[in-house]
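A.B. asks: Sharing a structure here in structure tokens format.
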Amino acid sequence: MKMGREIINNRIMDKYRAYEMNPGDKVQTDAEWLQFARENGQTTYHVIGTCKMGQDPMAVVDDTLRVRGIEGLRVIDASVMPTLTTGNTNAPTIMIGEKGAAMIKEDNAA
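Adding 1403 to a residue's 1-based position in the sequence shown gives its number in the working numbering.
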């Protein structure tokens, strides 16, 4: 953030810059920047992969969405995606939910 301010305040950027709206001149010290970041920071990406599916030793769930080593537990959400998709994660997450529901229904049929 400090570097961004430094870049935009370079005189070569004068014709592109009006004024700093946020945080404005009130934030100057490292402590003030940290406080600003804590109060205003937020994610703009879709968190996935915290319980990734796969065959490698770091994979939490198998290809049937079952948590390795814990009987009767499945993870059926975006956290099983081993890598981030290039598009929005909404449709793939819905698909995972639908597939997971079908797996549970299949396991409990009879």
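Every residue gets a Cβ at the ideal spot worked out from N, C-alpha and C, and that includes glycine. Given the structure is predicted, the values throughout are model-derived calculations rather than measurements.
Just the C-alpha distance for Leu1468 and Glu1474, rounded to the nearest angstrom, thanks.
C.D. replies: 12 Å
A.B. asks: Would you identify the three-state DSSP class for Arg1420, choosing helix, strand or coil?
C.D. replies: coil
A.B. asks: Which residues in the same chain have their Cβ closer than 6 Å to the Cβ of Leu1540, if we skip the five residues on either side of it in sequence?
C.D. replies: Summary: the structure shown does not reach residue 1540, with the chain confined to residues 1404 through 1513, and so no result is reported for it.
A.B. asks: Going by DSSP, which residues form a beta bridge with Met1456?
C.D. replies: Val1464
A.B. asks: Determine the direct distance from the alpha carbon of Glu1501 to that of Met1456, and round the result to whole angstroms.
C.D. replies: 16 Å
A.B. asks: By how many angstroms is the C-alpha of Ala1494 removed from the C-alpha of Ala1462?
C.D. replies: 22 Å
A.B. asks: What are the partner residues of Val1478, as DSSP defines its beta bridges?
C.D. replies: Bridge partners of Val1478: none, in fact.
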